[in-house]
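2 protein chains.
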Amino acid sequence: MNCKILSSEEKIREAAKSVFLRKGFSGTTARDIAEASGTNIALTNYYFRSKEKLFGEIFQDLFSLYCENTIRIFERPVSLKEKLMEMIEEDYRLMKENPNLVLFIMNEIHRSPDYPLAELSKMRDIFRHKLSEEVRKEIRLGRIRDISADHIMPLIIGSLQFIFMCKSLQMSVLDMTEASFGEFAEKHKDYTKEMVISFLFSPAHEVEATGKNSLPG
Amino acid sequence: MNCKILSSEEKIREAAKSVFLRKGFSGTTARDIAEASGTNIALTNYYFRSKEKLFGEIFQDLFSLYCENTIRIFERPVSLKEKLMEMIEEDYRLMKENPNLVLFIMNEIHRSPDYPLAELSKMRDIFRHKLSEEVRKEIRLGRIRDISADHIMPLIIGSLQFIFMCKSLQMSVLDMTEASFGEFAEKHKDYTKEMVISFLFSPAHEVEATGKNSLPG
DNA sequence: AATCATTTTAAACAACTGTTTAAAATTCTT
DNA sequence: AAGAATTTTAAACAGTTGTTTAAAATGATT
Numbered sequence: 001m002n003c004k005i006l007s008s009e010e011k012i013r014e015a016a017k018s019v020f021l022r023k024g025f026s027g028t029t030a031r032d033i034a035e036a037s038g039t040n041i042a043l044t045n046y047y048f049r050s051k052e053k054l055f056g057e058i059f060q061d062l063f064s065l066y067c068e069n070t071i072r073i074f075e076r077p078v079s080l081k082e083k084l085m086e087m088i089e090e091d092y093r094l095m096k097e098n099p100n101l102v103l104f105i106m107n108e109i110h111r112s113p114d115y116p117l118a119e120l121s122k123m124r125d126i127f128r129h130k131l132s133e134e135v136r137k138e139i140r141l142g143r144i145r146d147i148s149a150d151h152i153m154p155l156i157i158g159s160l161q162f163i164f165m166c167k168s169l170q171m172s173v174l175d176m177t178e179a180s181f182g183e184f185a186e187k188h189k190d191y192t193k194e195m196v197i198s199f200l201f202s203p204a205h206e207v208e209a210t211g212k213n214s215l216p217g
Numbered sequence: 218m219n220c221k222i223l224s225s226e227e228k229i230r231e232a233a234k235s236v237f238l239r240k241g242f243s244g245t246t247a248r249d250i251a252e253a254s255g256t257n258i259a260l261t262n263y264y265f266r267s268k269e270k271l272f273g274e275i276f277q278d279l280f281s282l283y284c285e286n287t288i289r290i291f292e293r294p295v296s297l298k299e300k301l302m303e304m305i306e307e308d309y310r311l312m313k314e315n316p317n318l319v320l321f322i323m324n325e326i327h328r329s330p331d332y333p334l335a336e337l338s339k340m341r342d343i344f345r346h347k348l349s350e351e352v353r354k355e356i357r358l359g360r361i362r363d364i365s366a367d368h369i370m371p372l373i374i375g376s377l378q379f380i381f382m383c384k385s386l387q388m389s390v391l392d393m394t395e396a397s398f399g400e401f402a403e404k405h406k407d408y409t410k411e412m413v414i415s416f417l418f419s420p421a422h423e424v425e426a427t428g429k430n431s432l433p434g
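Quick mapping for you: the protein sequence lines, in order, are chains D and X.
The first sequence begins at 1 in the numbering used here and counts up by one.
The second sequence begins at 218 in the numbering used here and counts up by one.
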C-alpha cells in the first residue's frame, strides 16, 4: 500500500501503534512490539528510550487523530446543523478505518487521567465556548430545541462511537461477520443522523420553547 | 456498610473485583489484589487456583450484572415503549453505581472475544427473536417508526453508556468534579429518553410509513 | 489434651518484564 | 579504501510477574 521501504524507527512506531491499539499499554510487551516490527527489543529502546516514551508519542498522535475532526469542523463557518451532520459523517469514516481507536483512547485516559495532551485545551475551548455560544444563538433564533451545549456532542457522537467500542460484544450477540458489522455501522450512522435531526431540529421544539423546559431537575 | 466480618475468600473476591474493574485484567497484579484484600499472594491461589480463574469468576458475575436489566425487563409483559424507558432508567442506575462497568466489560471482551459467558445465549435470544418480533409488531401497528430491531438497543443505551465510558475524558474536557458529572449524567439520561421518544414514537413516522423508507442503502 | 484438617504465612521458584551493555554490522565521510 | 558515526544484534541485567512450597498458625474432632 504505502511505500514499502520504512526506516527501522518507522517500522517500530507503526508496529507499536498497531499492537498498542489492539492490546493497550499494559497488555503490550516490548517483545510484542519487536516481533511485530521485525526488529529486536534493544532497537525499541535505542530509538525511543523506553516503552513509556514510545507509548507517549503514539498516544499523542492517536488522540490528535481522535480530536482532528472536531477541531477542523468547528472552525468552519457553516451552520450548526451542517457541523453536526459533518461530525457524524467524519466520525464514522474515522472509526471505520480505526475500529478500536475510541475504546483504546478511553481506556488509556481512564488508566492515567492526568496525561498531558496537546489538544485538550483546544477541545475545552470548543466545547465550553465556541459550541456553547453557537448553541445559545440557535436556541434564541428558535432553530434548535432548548438544550445544554454540553449534552449535544455526547448525544451526537455517542451512539455511533458506542457501537465501535462494543464491537466485539455486538458481533458476538448478533452473530456478525466483519462485513455485516460494516453494513450495520453504516446504517447506524444514518439512523443516528436521522435521530439527531428529529430531536434537535424538528419544529416540535418550538411548541415547547413557548412553555417551560420539559426536562426535570 | 455491609457486614464487616468477611471470610478471606470473600475479602479476596471483593478486592479483586474492585481492582479488576479499575485496572483491567492485564493492568492488575496478584500483589495488587493481595494488598487490597489485606491478605497475601499465596492465599489468592489457595482459594482461586490462579489469577485467571479468579478473574473468570468475577468477569462472569459482572457480565451477568451488565445483562441483568435487559433480561429482566424484556421478560415483562409491558409495552415496548415502557420497556425501553425502563431500560434507560435501570441502565442509568446500574452505571451510577458501577461507573466503569461498561468500559471494563467491553475491554475484556475485546481482549478475549471467545470467552464463554452464560448470558450470551439469552441475550442472543432477546435481541434476535423477542425484541425483533416485538418491534415488527409495533411497526405493523404504526406505533413506532420503521427501524431494524438490531439498531434500537444501541440507539437507546449507547448514548448513556457512552458518557460513562468516556467519563475521564469528559470530566477533563468539561472541568467536572464527581458531583457535577453525576448531575450531568442524570440530565443526559433524561435527554436520552426524550430523544428516543421523539425519534421512535413521534407521530412523524406515520407520514414516512406511507412512502419509502428514508434510509439510504 | 492430642490428633486431625483447615487456613495463613514467609520464602522461594521459574518465567517474564523493561532496560542496558558491549560487540558486531552497516552506512557515511573523507 | 580508512576511519568515524550510526545502526543492529545477541546476551545479559535487575526487577516484577504468577505460582508453588513447606512450615506455621488456627480451628475442629476425638
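All residues carry an ideal CB built from backbone N, CA and C; glycine is no exception.
Interface partners of residue i on chain X, CB under 7 Å
i: D:Gly-142; result: None at all; the shortest Cβ gap to chain X is about 17 Å.
i: D:Phe-184; result: Asp-367
i: D:Pro-116; result: Correct list: empty, because the minimum Cβ distance to chain X is about 11 Å.
i: D:Ile-109; result: Ser-385, Leu-386
Cβ-Cβ separation, residue j to residue i (assumed contact under 8 Å), whole Å
i: X:Glu-351; j: X:Leu-301; result: Their Cβ separation, rounded to whole angstroms, is 10 Å, which puts X:Glu-351 and X:Leu-301 out of contact at 8 Å.
i: X:Ala-453; j: X:Ile-258; result: Outside the modelled stretch of chain X, which goes from 218 to 434, sits residue 453 of chain X, for which no answer is possible.
i: X:Ile-288; j: X:Glu-303; result: No, X:Ile-288 and X:Glu-303 are not in contact; Cβ-Cβ is about 13 Å, not under 8 Å.
i: D:Met-165; j: X:Met-382; result: 6 Å
i: X:Gly-435; j: D:Gly-158; result: In this structure chain X extends from 218 to 434, so residue 435 of chain X is not present and cannot be described.
i: X:Lys-410; j: X:Ile-305; result: 5 Å
i: D:Lys-51; j: D:Ala-30; result: 5 Å
i: D:Met-123; j: X:Val-390; result: 5 Å
Residue i: contacting residues in chain D (beta-carbon distance under 8 Å)
i: X:Ser-243; result: Lys-23, Gly-24, Ser-26, Gly-27
i: X:Phe-416; result: Glu-194, Met-195, Ser-198, Phe-199
Coarse secondary structure for residue i, derived from DSSP in three states
i: D:Asp-175; result: coil
i: D:Pro-154; result: helix
i: D:Phe-199; result: helix
i: D:Phe-25; result: coil
i: X:Leu-223; result: coil
i: D:Ala-118; result: coil
i: D:Val-19; result: helix
i: X:Thr-409; result: helix
i: X:Thr-287; result: helix
i: D:Glu-75; result: coil
i: D:Arg-13; result: helix
i: D:Arg-136; result: helix
i: X:Ser-267; result: coil
i: X:Leu-358; result: coil
i: D:Thr-39; result: coil
i: D:Val-207; result: Because D:Val-207 sits at a pLDDT of 47, beneath the cut-off of 50, its placement in the model cannot be relied upon, and the following sentence gives the value as read from the coordinates. Helix, per DSSP.
i: X:Asn-317; result: coil
i: X:Phe-344; result: helix
i: D:Ser-148; result: coil
i: X:Ser-376; result: helix
Neighbour-count burial assignment, residue i, 16 or more Cβ in a 10 Å radius
i: D:Pro-154; result: buried
i: D:Ser-168; result: buried
i: D:His-188; result: buried
i: X:Ile-322; result: buried
i: X:Met-218; result: Bear in mind that a pLDDT of 36 at X:Met-218, under 50, signals an unreliable position, so the number given afterwards is only what the model happens to contain. Its Cβ having fewer than 16 others within 10 Å, X:Met-218 is exposed.
i: D:Thr-210; result: Low confidence applies to D:Thr-210: its pLDDT is 41, below 50, so where it sits in the model is not reliable, and the reading given next is rough at best. Counting Cβ neighbours within 10 Å, D:Thr-210 comes out exposed, since fewer than 16 surround it.
i: X:Glu-314; result: exposed
i: X:His-346; result: exposed
i: D:Asp-91; result: buried
i: D:Glu-138; result: buried
i: D:Ile-163; result: buried
i: D:Ile-152; result: buried
i: X:Ala-366; result: buried
i: D:Ile-5; result: exposed
i: X:Val-236; result: buried
i: X:Val-413; result: buried
i: X:Ala-335; result: exposed
Interface residues of chain D facing residue i [CB-CB closer than 9 Å]
i: X:Asn-262; result: By Cβ distance, chain D contributes nothing, its closest Cβ being about 21 Å from X:Asn-262, past 9 Å.
i: X:Gln-378; result: Gly-158, Phe-162, Met-165, Cys-166
Chain D residues whose Cβ lies nearer than 7 Å to that of residue i
i: X:His-368; result: Lys-187, His-188, Tyr-191
i: X:Val-352; result: Ordered by position in chain D, no residue passes the 7 Å Cβ test against X:Val-352, which lies about 13 Å from the chain.
i: X:Phe-344; result: Val-173, Leu-174
i: X:Pro-330; result: Ser-168, Ser-172
Proximal chain X residues relative to residue i, where beta-carbon distance stays under 8 Å
i: D:Met-106; result: Leu-320, Met-382, Cys-383, Ser-385, Leu-386
i: D:Leu-120; result: Ser-389, Val-390
i: D:Asn-98; result: Correct list: empty, because the minimum Cβ distance to chain X is about 14 Å.
Beta-carbon neighbours of residue i, restricted to chain X and to distances below 9 Å
i: D:Ile-147; result: Tyr-408
i: D:Met-95; result: Chain X residues near D:Met-95: none, gap ~13 Å exceeds 9 Å.
Taking three-plus beta-carbon pairs below 8 Å as touching, is the region 57-73 of chain D in contact with the region 98-107 of chain D? yes
Using 8 Å as the Cβ pair cut-off and three pairs as the minimum, do the region 320-329 of chain X and the region 392-399 of chain X touch? no
Counting pairs of beta carbons, one from the region 5-20 of chain D and one from the region 42-49 of chain D, are three or more of them closer than 8 Å? yes
Can you confirm whether the region 351-363 of chain X touches the region 263-272 of chain X when touching is taken to mean that 3 or more C-beta pairs between the two stretches lie within less than 8 Å? no
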